[in-house]
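Note sheet for the following structure.
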Amino acid sequence: MEETHTPKLPLIGEKAPEFEAPTTQGTLRLSDYKGSWLILFSHPADFTPVCTTEFMAFAEIYPELQKRNTELLGLSVDSTSSHIAWVRNVEEKMGVKITFPIIADLNKDVSTLFGMIHPAQSKTETVRTVFIIDPEGILRTILYYPLTTGRNMQEILRIIDALQTTDEYKVATPANWKKGDPVVVPPPQTAEAAEARVKEGYDCKDWYLCFKKL
Amino acid sequence: MPCVSSDGKPTGTGVNTLTSVKEGLTTPDKIVEATGQPMFRVRSGLRELVNAGFLEEADGEYSLTETGKGVL
Chain A
9 MEETHTPKLP LIGEKAPEFE APTTQGTLRL SDYKGSWLIL FSHPADFTPV
59 CTTEFMAFAE IYPELQKRNT ELLGLSVDST SSHIAWVRNV EEKMGVKITF
109 PIIADLNKDV STLFGMIHPA QSKTETVRTV FIIDPEGILR TILYYPLTTG
159 RNMQEILRII DALQTTDEYK VATPANWKKG DPVVVPPPQT AEAAEARVKE
209 GYDCKDWYLC FKKL
Chain B
9 MPCVSSDGKP TGTGVNTLTS VKEGLTTPDK IVEATGQPMF RVRSGLRELV
59 NAGFLEEADG EYSLTETGKG VL
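Residue numbers (the numbering used here), protein chains in the order written: chain A, 9 to 222; chain B, 9 to 80.
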């Protein structure tokens with residue numbers, strides 16, 4: 009029986025694998041982004057409708073991301089020339105300038121490294137992935153969307169806000185949290201701490217579910 | 009933006025970076041601080057200029073090679 013080799017895919021909490029790739033802004037390495045947050049995202053193909061709406065939406069939130077020390081890096085299995093032609097077309101026809109780089113992953117090196125090709129969806133195109141990598145190069149969030157569903161930019165911004173808030177204040181963020189909402193105090197780890205928790209002045213529903221304003 | 013064109017010559021961005029190094033901005037941090045460019049772009053540009061022989065790097069500090077000096 010023929011053995012197939014499945015590369016180990018990077019998981020949340022692990023170091024994101026280093027790569028060097030041609031982009032619309034020259035050759036870039038993952039390590040070039042050390043010190044800033046990075047959203048590495050793939051799209052199925054240039055000159056396709058859903059991807060075009062996504063790129064315009066990514067361009068719209070890019071200034072907000074930059075305020076959060078966060079960069080964008082796109083990727084698809086297309087050539088640099090195709091990316092350049094598409095970006096020029098988006099600017100000319102839609103009036104939106106794409107200022108972040110896009111990887112031309114024609115040999116599928118980076119998409120294979122990050123598990124961006126899901127053969128049951130397409131053997132040649134990347135699905136819509138989002139990898140959020142922190143300033144130390146650690147993978148902090150992975151999102152996968154099918155070919156037919158465009159991504160929600162407000163959710164991506166929300167995740168960046170949540171991760172940065174967690175890092176700064178050592179708290180967690182509850183369902184549907186938005187910047188400015190109360191955060192979750194990490195639950196106590198001992199019975200004694202649980203007893204004390206409800207008297208610590210937090211907004212507690214019970215010892216394991218306490219909120220506070222930042 | 010790329011700092012070296014396909015014919016091996018520095019682009020406008022490349023010349024600007026070489027000028028920055030000549031004026032004493034010899035680390036990526038100094039160039040970012042002075043120019044406001046994103047760090048990823050500065051790092052990749054410096055690497056291109058080193059690979060093309062216009063700059064050399066030692067202990068994180070960049071300096072012009074004779075070829076680099078010849079461009080300015």
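Glycine included, each C-beta is placed from N, C-alpha and C at the ideal position.
Amino acids of chain A, ordered along the chain, whose beta-carbon sits closer than 9 Å to that of residue i
i	result
glutamate 56 of chain B	Gly34 and Thr35
Beta-carbon contacts of residue i that lie in its chain and below 7 Å, excluding the five residues immediately before and after
i	result
threonine 73 of chain B	Gly61, Phe62, Leu63 and Glu64
alanine 1 of chain A	One cannot answer for residue 1 of chain A here, as it falls past the ends of chain A, which runs 9 to 222.
glutamate 62 of chain A	His51, Gly158 and Arg159
threonine 27 of chain B	Leu80
Cutoff 8 Å: residue i Cβ touching any chain A Cβ
i	result
serine 52 of chain B	yes
proline 18 of chain B	no
Chain A contact residues for residue i, given Cβ-Cβ distances below 7 Å
i	result
phenylalanine 48 of chain B	Leu36, Asp40, Tyr41 and Glu79
Residue i: contacting residues in chain B (beta-carbon distance under 9 Å)
i	result
serine 44 of chain A	Pro46, Met47 and Phe48
Cβ-based neighbour list, residue i, same chain, cut-off 8 Å, excluding 5 preceding and 5 following
i	result
leucine 19 of chain A	Leu147 and Ile150
phenylalanine 27 of chain A	Arg37, Leu38, Asp117, Val118 and Leu121
proline 154 of chain A	Gln129, Val135 and Arg136
valine 179 of chain A	Thr173, Val191, Val192, Val193, Pro194, Lys220 and Leu222
arginine 85 of chain B	This structure does not reach residue 85 of chain B, given that chain B is present from 9 up to 80, and the question cannot be answered.
glutamate 79 of chain A	Tyr41, Ser44, Trp45, Leu46, Ile47, Leu73 and Phe108
threonine 35 of chain A	Glu28 and Ala29
alanine 42 of chain B	Ser28 and Leu33
proline 25 of chain A	Pro18, Leu38, Leu121 and Phe122
Chain-order list of residues whose beta-carbon lies under 6 Å from that of residue i (same chain, five-residue window excluded)
i	result
leucine 171 of chain A	Arg148
arginine 76 of chain A	Ile168
histidine 126 of chain A	Val135
methionine 161 of chain A	Ala65 and Ile69
lysine 105 of chain A	Glu99
valine 58 of chain A	Gly158
tryptophan 215 of chain A	Ala202, Arg205 and Val206
Any non-hydrogen atom of the ligand MG within 7 Å of residue i CB
i	result
leucine 54 of chain B	Here there are no bound small molecules, and the ligand MG is not part of this structure.
Residues of the stretch 75-104 of chain A with Cβ closer than 7 Å to any Cβ of chain B, in chain order
Glu79
Does the stretch 187-194 of chain A come close enough to the stretch 15-24 of chain B to have 3 or more Cβ pairs within less than 8 Å?
no
Touch check for the stretch 90-104 of chain A and the stretch 40-59 of chain A: three-plus C-beta pairs under 8 Å?
Put simply, the stretch 90-104 of chain A touches the stretch 40-59 of chain A. At least three CB pairs are less than 8 Å apart.
Counting Cβ pairs, one atom from each stretch, are 3 or more of them under 8 Å apart for the stretch 165-182 of chain A and the stretch 67-79 of chain A?
yes
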